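There are 2 protein chains.
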Amino acid sequence: MPARTASTRSSAPRVAPSIDVVILAPRERKLVVLLARGPAKSRERWQLPWRSLKPDETIDGEAVKLARKTLGTAPALVEQVAAFGDGRRHPSGAALSVAFLALIDADTSAGFKGDASWFAVNDLPPLPPRQRGMLEGVLTSLRARLDQGPIAFHLLPPTFTLTQLQEIYELLLGRRLHKASFRRSLHAAWLVEPTEEWRSEGRGRPAQLFRYAPKKRRGGRRGVRFGG
Amino acid sequence: MPARTASTRSSAPRVAPSIDVVILAPRERKLVVLLARGPAKSRERWQLPWRSLKPDETIDGEAVKLARKTLGTAPALVEQVAAFGDGRRHPSGAALSVAFLALIDADTSAGFKGDASWFAVNDLPPLPPRQRGMLEGVLTSLRARLDQGPIAFHLLPPTFTLTQLQEIYELLLGRRLHKASFRRSLHAAWLVEPTEEWRSEGRGRPAQLFRYAPKKRRGGRRGVRFGG
DNA sequence: ATGATTTAGTAGCGTGCTGCGACTAATTCA
DNA sequence: TGAATTAGTCGCAGCACGCTACTAAATCAT
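Residue numbers (the numbering used here), protein chains in the order written: chain A, 842 to 1069; chain B, 842 to 1069.
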């Protein structure tokens, strides 16, 4: 049921596929996404950063370049999520768009200066319809694969406290986790190792800093399973 | 920044994205994939079924049509897996290809008459390089999502014995499972219900037939976790 | 016919993982 | 100096998992 859209008359012109990137960072207990300004005349003033794919270009390479150009710095992770070729409208007019996920940590994102702006994913401005679907698809996929790979670590700086790590998981899962169970799972997964440093964050006992250091110990590496 | 329409000159010409479908069925304890004949002059004589995407077409719709046309009947499941736009060669010359997974059960696949042929996924003829990658990507994704959704059921007829179901899981996972544990997990997941029928399959005690009937019981539906 | 063989399905035990409440430890604030 | 706050650990109770061993119902061989 292809819904005819946008600037088309009898038969749509052939337009190159687009690459769209969903750049995420944690920010004040919320997940935020980086949106770029659209053309002034367009209905939606904000858009996911995108570009058209030229022949001979690889999608992964171009996605990394696009993320770096938009962000001014290289993200910790860039990963393809899915292709979107429903009939919905895309700013490029492309019949097909490929969605990418990009993650950076809070510290790096705080240093961002550029034309784009951060928005909480729970409180977004109107987006072009296909991009709205792409964003939702990326978030769903992110949550589903949380326990498959070390995704959460890419939202943190190189060293972090276990409470910080737990807060990232809670942010992505949308629910509270039990501290003791979380740490036990983490320990069993052999994903982090302690550093010598401790950080005093205002009140309370200082926390030890850890770094991401997966050990391929005997038995398949298990993801972090959640207590809570 | 988005380039114009049809074809460029000096570098590669612009070619519409392709839709490629990996049609799988269980067959004599092996997983088989349906391959179509390529053009006689081409290096690889066999290819994944594919077609070029025209503007205004939706990828999911076209994937279903392609699968149905190739197969002569509608598959039990058609699902997008990923986009492939590495530099590797594709028969269409497209810069970008989208891979789809399609599943049908053994009985239906046995009735297949057509130009294409079934090959065991462990013993394949040479394929165009990008399609080789797409096939591997689809298989990897299939195995990874086995415990997330009811994928296995789409490789079986509407009613089946629990031994048949277990064999499908063993086929996809590539290892033997323990009967009692498998059934316990299945029961806990509330995914099947017994019918009144029993099937006598040669020797031994007859087996009860079950049907796929997921119950959204209290607590999130767990996938089948594997014993043994 | 009857016992061997084959396949289906269940019972129950030990171990380990999970969820949770309650505890100790180290710091800041009044 | 003691209340409050945050970090980190202990250990129990219950459930899930892996496995062996059992019962059930059919066919095959003699």
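Glycine residues also receive a C-beta, built at the ideal position from the N, C-alpha and C atoms. Please read these numbers as outputs of a predicted model, since none were measured by experiment.
DSSP-derived helix/strand/coil call for residue i
i         : result
Arg984/A  : helix
Ser1022/B : helix
Glu903/B  : helix
His1028/B : helix
Arg909/B  : helix
Asp956/A  : coil
Thr914/A  : coil
Ser950/B  : helix
Ser851/A  : Unreliable positioning characterises Ser851/A in this predicted model, as indicated by a pLDDT of 45, which lies under 50. The coordinate reading is nonetheless provided below. The answer is coil: DSSP assigns Ser851/A none of H, G, I, E or B.
Beta-ladder partner(s) of residue i, from DSSP
i         : result
Lys871/B  : Arg868/B
Trp1039/B : Gln1049/B
Glu920/B  : Leu942/B
Phe925/B  : Ser938/B
Asp861/A  : Trp891/A, Ala940/A
Arg1073/A : This structure does not reach residue 1073/A, given that chain A is present from 842 up to 1069, and the question cannot be answered.
Glu898/A  : Bridge partners of Glu898/A: none, in fact.
Val1033/A : Tyr1053/A
Proximity test, residue i beta-carbon vs the ligand NAD heavy atom, cut-off 7 angstroms
i         : result
Leu1050/A : Of the ligands one can find in the structure shown there are none, so the ligand NAD has no counterpart to examine.
Taking a Cβ distance cut-off of 9 angstroms, strictly less, list which residues of the segment 877–909 of chain B are near chain A, in chain order.
Leu894, Lys895, Pro896, Asp897, Glu898, Thr899, Ile900, Asp901, Gly902, Glu903
Threshold first: 3 residues or longer. Then list the beta strand (DSSP E) segments lying entirely within the segment 958–1016 of chain B, N to C.
958–961, 1000–1002
Given 8 angstroms as the limit, is there contact between the segment 870–877 of chain B and the segment 953–972 of chain B, that is, 3 or more CB pairs closer than that?
yes
Give a yes or no on contact between the segment 902–918 of chain B and the segment 937–952 of chain A, applying the rule of three or more CB pairs nearer than 8 angstroms.
no
Of the residues that make up the segment 980–999 of chain A, which ones have a beta carbon closer than 8 angstroms to any beta carbon in chain B?
Ala985, Gln989
Taking 8 angstroms as the cut-off, does the segment 1000–1009 of chain A touch the segment 1041–1056 of chain A (at least 3 CB pairs, one atom from each stretch)?
yes
At a CB distance below 8 angstroms, what residues from the segment 927–945 of chain B approach chain A? Give them in sequence order.
Asp927, Gly928, Ala936, Leu937, Val939
Could you run through the segment 853–868 of chain B and flag, in chain order, every residue whose CB is less than 8 angstroms away from some CB of chain A?
Ala853, Pro854, Arg855, Val856, Ala857, Pro858
Across the segment 906–925 of chain A and the segment 921–939 of chain B, are there enough close Cβ pairs to call them in contact, namely three or more that are closer than 8 angstroms?
yes
So if I threshold CB-CB distances at 9 angstroms, which residues from the segment 942–973 of chain A count as touching chain B?
none
Taking three-plus beta-carbon pairs below 8 angstroms as touching, is the segment 1024–1034 of chain B in contact with the segment 969–983 of chain B?
no
Can you pull out the residues from the segment 1020–1033 of chain A whose beta carbon lies closer than 7 angstroms to at least one beta carbon of chain B?
none
Compile a chain-ordered list of the residues in the segment 909–923 of chain A whose CB is closer than 8 angstroms to at least one CB of chain B.
Gln921, Ala923
Quick check: the segment 886–899 of chain A against the segment 913–922 of chain A, are there 3 or more CB pairs under 8 angstroms?
no
Per the contact definition of three or more C-beta pairs closer than 8 angstroms, is the segment 962–971 of chain B in contact with the segment 879–890 of chain B?
yes
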